[in-house]
Amino acid sequence: MSEAITTVLDETRIFNPPQGHQGHIASMQEYRTLRQQFETDFDTTWRELAREHLSWREPFTRVLNSENAPFFRWFEDGKLNLSENCLDRHVEAGLGERTAIIWESEAGEVRRYSYNKLLSEVCRAANAMRELGVESGDRVIIYMPMIVEAAIAMLACTRIGAVHSVVFGAFSPLALRDRIEDAGAKLVITADGGGRRGGVHALKPNVDEALSEGCRSVAHVLVVRHAGNEVEWSQGRDINWHDALNVQPDHCEPLAVESEHPLFILYTSGSTGKPKGILHSTAGYLLWARVTMRWSFDFRPETDIFWCTADVGWITGHTYSVYGPLANGGTTLMYEGVPTYPDPGRLWKICADHGVTIFYTAPTAIRALNKAGDEWPNKHDLSSLRVLGTVGEPINPEAWMWYHDVIGKGRCPIVDTWWQTETGGHMLAPLPFATPTKPGSATFPLPGIDADIVDEAGLPITEGGGLLIIRKPWPSMLRGVWGDDQRYIDTYWKEFDGRYYFAGDGARRDEDGYFWVMGRVDDVLNVSGHRLGTMELESALVSHEAVAEAAVVGRPDAIKGEAICAFVVLKCEPDDSLVEELRAHVSKEIGAIAKPDDIRFADSLPKTRSGKIMRRLLRDIAAGREITSDISTLEDQSVVQKIQQDRP
Ligand code: ATP
Ligand code: MG
Numbered sequence: 007m008s009e010a011i012t013t014v015l016d017e018t019r020i021f022n023p024p025q026g027h028q029g030h031i032a033s034m035q036e037y038r039t040l041r042q043q044f045e046t047d048f049d050t051t052w053r054e055l056a057r058e059h060l061s062w063r064e065p066f067t068r069v070l071n072s073e074n075a076p077f078f079r080w081f082e083d084g085k086l087n088l089s090e091n092c093l094d095r096h097v098e099a100g101l102g103e104r105t106a107i108i109w110e111s112e113a114g115e116v117r118r119y120s121y122n123k124l125l126s127e128v129c130r131a132a133n134a135m136r137e138l139g140v141e142s143g144d145r146v147i148i149y150m151p152m153i154v155e156a157a158i159a160m161l162a163c164t165r166i167g168a169v170h171s172v173v174f175g176a177f178s179p180l181a182l183r184d185r186i187e188d189a190g191a192k193l194v195i196t197a198d199g200g201g202r203r204g205g206v207h208a209l210k211p212n213v214d215e216a217l218s219e220g221c222r223s224v225a226h227v228l229v230v231r232h233a234g235n236e237v238e239w240s241q242g243r244d245i246n247w248h249d250a251l252n253v254q255p256d257h258c259e260p261l262a263v264e265s266e267h268p269l270f271i272l273y274t275s276g277s278t279g280k281p282k283g284i285l286h287s288t289a290g291y292l293l294w295a296r297v298t299m300r301w302s303f304d305f306r307p308e309t310d311i312f313w314c315t316a317d318v319g320w321i322t323g324h325t326y327s328v329y330g331p332l333a334n335g336g337t338t339l340m341y342e343g344v345p346t347y348p349d350p351g352r353l354w355k356i357c358a359d360h361g362v363t364i365f366y367t368a369p370t371a372i373r374a375l376n377k378a379g380d381e382w383p384n385k386h387d388l389s390s391l392r393v394l395g396t397v398g399e400p401i402n403p404e405a406w407m408w409y410h411d412v413i414g415k416g417r418c419p420i421v422d423t424w425w426q427t428e429t430g431g432h433m434l435a436p437l438p439f440a441t442p443t444k445p446g447s448a449t450f451p452l453p454g455i456d457a458d459i460v461d462e463a464g465l466p467i468t469e470g471g472g473l474l475i476i477r478k479p480w481p482s483m484l485r486g487v488w489g490d491d492q493r494y495i496d497t498y499w500k501e502f503d504g505r506y507y508f509a510g511d512g513a514r515r516d517e518d519g520y521f522w523v524m525g526r527v528d529d530v531l532n533v534s535g536h537r538l539g540t541m542e543l544e545s546a547l548v549s550h551e552a553v554a555e556a557a558v559v560g561r562p563d564a565i566k567g568e569a570i571c572a573f574v575v576l577k578c579e580p581d582d583s584l585v586e587e588l589r590a591h592v593s594k595e596i597g598a599i600a601k602p603d604d605i606r607f608a609d610s611l612p613k614t615r616s617g618k619i620m621r622r623l624l625r626d627i628a629a630g631r632e633i634t635s636d637i638s639t640l641e642d643q644s645v646v647q648k649i650q651q652d653r654p
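The sequence shown finishes on residue 654 if you use the numbering used here, and the numbering steps up by one all the way, no holes.
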């Protein structure tokens with residue numbers, strides 16, 4: 007399906023880690039030693055890590071069971087409870103008064119939950135769910151704004167062995183219904199509404215509409231009163247969250263479940279097609295959430311204030327807003343509102359107000375905030391920041407540089423983390439106080455992660471472009487696609503006959519061995535026999551001072567195979583000379599082969615609700631085809647119509 011991908015961009019800047027602080031992994035030497043340990047003593051190294059970092063009810067003896075590969079089982083004869091690992095063990099260690107969650111609303115209201123308070127709320131919620139008939143293994147849909155109750159609901163599920171499936175609050179009733187039916191959920195937990203752009207985004211009416219057809223499995227809807235909007239009430243079915251919790255004791259014995267007990271189902275972003283319902287299980291996922299917090303972010307639970315801006319409706323919100331920080335007994339921040347409300351300085355104000363030390367966001371946000379101008383971050387004291395993370399898409403070197411210089415003031419290491427809903431936690435990432443970084447590269451695989459770049463035949467590529475794969479299983483890997491074993495096998499294991507996990511992304515390795523994720527294999531362009539990744543072409547465009555964001559796709563061309571079609575969002579008004587100037591700029595940056603044939607200006611690009619560019623739609627638009635693929639996760643349907651209207 008794919009020959010080697012041609013490398014075009016030549017990024018040579020390199021940044022050494024800051025001096026004077028010893029990270030959890032302190033040097034490249036230590037990193038290499040640890041990697042070597044996983045290589046030579048795979049079972050023992052994972053065994054020790056799992057014993058050290060998790061609190062077990064029943065210890066495991068077997069590390070990995072590959073008998074039924076690719077349905078791998080980790081630590082299978084052990085038992086534990088996830089909420090106990092995230093709450094009780096910290097309270098028992100005397101940390102009950104430490105702040106677990108800081109929550110801020112769009113209007114500026116702040117609430118703090120200590121570990122003591124969070125534990126008692128989780129217990130009440132778990133008791134209430136049990137009283138509503140939820141048992142171990144039952145599925146619970148969580149459709150909520152970014153409020154603490156969302157995290158409480160997730161943790162309460164884990165306390166009694168229920169399997170949660172969080173559905174992002176901006177999804178439509180139809181998308182919600184699909185997910186409720188797919189999961190066969192017994193309970194839906196929602197809120198009346200959430201705060202958004204100074205107004206209210208209603209949620210409960212969407213649940214009512216979703217449940218108006220099908221959804222026979224749902225017995226009850228638990229409703230948090232939050233935004234105060236009026237909602238209809240279905241007697242017998244709908245239960246007020248606060249009333250239900252108030253009558254419950256604040257103690258609930260955590261259920262010890264097997265390591266492989268299903269933990270949650272979560273849908274992918276739908277960038278490349280219909281979303282996949284990814285299934286994760288308990289122990290392996292939790293282990294990697296805890297360990298990657300330390301390795302990739304150098305998380306210090308005693309002193310750090312960690313803020314991941316992702317909504318809990320996405321894997322990043324699961325692993326790094328909730329489970330990772332809490333598994334470590336640290337403090338995590340949740341913000342309910344849009345990043346640019348009331349002005350584009352809002353995120354920076356929150357960082358300054360709460361003394362955020364580690365900040366984790368997505369390239370889409372970085373590009374948007376860069377476009378808004380440096381005056382916004384410059385208004386706020388960002389000196390508490392010490393590590394800056396990014397995830398979700400390849401980050402263009404110029405956006406990386408802005409993050410590094412303007413937000414981090416050159417002090418903070420940039421941690422570009424490559425991973426997926428399927429991987430549960432980080433796979434490629436620099437170690438902030440050990441790895442020299444290069445703008446646009448996620449650097450190297452974390453210890454224990456046997457990631458590589460290979461050609462079609464599965465042979466490693468020492469330098470140049472190829473396919474990103476993971477060779478050995480890892481604890482937080484997906485356990486399947488919910489209800490569709492065949493799709494699991496076909497999507498991830500077929501490409502290399504079951505030998506490797508195939509991620510679906512293209513990557514190149516440079517002469518120093520650094521990994522550069524170049525975009526989706528589905529999006530690779532074939533121009534005159536050269537296979538070009540989207541990341542490098544788009545990065546060349548973004549490196550022009552007038553460009554805020556760009557998406558590049560191929561359009562069928564009789565001579566070249568594919569012509570390069572670029573959709574460009576500008577920082578300024580377009581003028582007549584800009585098209586030629588941008589073509590010349592790309593040609594100068596990466597060579598004539600990459601010179602775009604078409605450049606089309608747009609106000610915005612079609613994105614998934616998790617903020618990723620949906621190039622498959624642009625491909626249809628560029629080719630003048632009708633859009634027939636799944637657009638259920640498209641953020642703003644009008645963007646597509648607008649781009650279609652202003653044809654060149
Ligand atoms: P779908 O699988 O439904 O098409 P999706 O792949 O966008 O959607 P996610 O699991 O949210 O769903 O995203 C994972 C993908 O995001 C990765 O496969 C990769 O393409 C991209 N990605 C995430 N982090 C990075 C990163 N740091 N650098 C480059 N790409 C990244
Ligand atoms: Mg994917």
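C-beta atoms are modelled at their ideal positions from N, C-alpha and C, and glycine is treated no differently.
None of the values given here were measured: they were computed from a predicted structure.
Check each candidate in F78, V575, S240 and L640 and name the one with the smallest Cα separation from P211. S240
Contact defined as beta carbons within less than 8 Å: I believe A546 pairs with V592. What is the distance between those atoms, to the nearest angstrom? 5 Å
N-terminal and C-terminal residue of the alpha helix (DSSP H) that V237 is part of: No alpha helix (DSSP H) contains V237, which DSSP labels as neither H nor E.
6 Å CB neighbourhood of M7 in its chain, flanking five on each side removed: Residue confidence is low: M7 scores 43 on pLDDT, short of 50, so the model does not pin down where it sits. Its coordinate-derived value is still stated next. Within the same chain, M7 has no close Cβ partners at all.
My output table needs one value for K85: the three-state DSSP class, helix, strand or coil. In this structure, K85 counts as strand in the three-state DSSP scheme.
Tell me the residue span of the alpha helix (DSSP H) that contains S126. That run of the alpha helix (DSSP H) goes Y121 to E137.
What are the partner residues of S171, as DSSP defines its beta bridges? I147
Three or more C-beta pairs under 8 Å: does that hold for the segment 256–267 against the segment 287–305? yes
Please classify L253 as buried or exposed, where buried requires at least 16 other C-beta atoms within 10 Å of its C-beta. Before going on, a small fix: residue 253 reads as Val here, not Leu. Result: exposed.
Per DSSP, the bridge partner or partners of H257: Per DSSP, none; premise fails for H257.
Reduced DSSP category for P445 - H, G, I as helix; E, B as strand; rest coil: coil
Take the Cβ of G26 as the centre, count every other Cβ of all protein chains shown within 10 Å, and call the residue buried at 16 or more, exposed below. G26 comes out exposed.
Residues near N235 in its chain [Cβ-Cβ closer than 7 Å; skip 5 each side]: For N235, the CB contacts under 7 Å within the same chain, skipping 5 residues up- and downstream, are D198, G199, V206 and A208 in chain order.
For A564 and F312, the rounded distance between their alpha carbons: 52 Å
Can the beta-carbon of A189 be found less than 9 Å from the beta-carbon of R165? no
Starting from R41 and walking both ways along the alpha helix (DSSP H), at which residues does that stretch end? Per DSSP, R41 belongs to the alpha helix (DSSP H) from M34 to T46.
With a threshold of 8 Å, establish whether the CB of W320 neighbours any heavy atom of the ligand ATP. yes
Cβ-based burial, E73 [other Cβ within 10 Å; buried from 16]: Burial call: exposed.
Note down, in chain order, each residue of its chain lying with its Cβ closer than 6 Å to the Cβ of E587, except the 5 sequence neighbours on either side. none
Alpha carbon of V487 to alpha carbon of L285, nearest angstrom: Their Cα atoms are separated by approximately 6 Å.
Cβ-Cβ distance between S549 and N402 below 9 Å: The Cβ atoms of S549 and N402 sit closer than 9 Å to each other.
Would the beta-carbon of M340 fall within 9 Å of that of V574? no
On a CA-only basis, which of T278, F607 and R300 is nearest K6? Give me that one, please. Here the chain covers residues 7 to 654 and nothing more, so residue 6 does not appear.
Might you give, ordered along the chain, the residues of its own chain that have their beta carbon closer than 6 Å to the beta carbon of P436, omitting 5 neighbours on each side? V421, T443 and T449
Any chance the CB of A509 is under 8 Å from a heavy atom of the ligand ATP? yes
Own chain, CB closer than 7 Å to P562, minus 5 neighbours either side, in chain order: E568 and A629
What number of angstroms, rounded off, separates the C-alpha of G323 from the C-alpha of S178? 20 Å
Could you tell me the distance, in whole angstroms, from the CA atom of H59 to the CA atom of G431? 15 Å
Going by C-alpha distance, which of Q42, R136, K192 and F303 is nearest G220? K192
Do A316 and Y326 count as a contact pair if the criterion is CB distance below 9 Å? yes
I'd like to check one pair, I321 with Q426: are the Cβ atoms closer than 9 Å? yes
Check: S277 C-beta below 8 Å from any heavy atom of the ligand MG: It does: the Cβ of S277 is within 8 Å (strictly closer) of some heavy atom of the ligand MG.
Whole angstroms are fine: how far does the CA of I271 sit from the CA of V173? 10 Å
Quick one: is R203 buried, meaning 16 or more other Cβ sit within 10 Å of its Cβ, or exposed? Here R203 is exposed, its C-beta having fewer than 16 other C-beta atoms within 10 Å.
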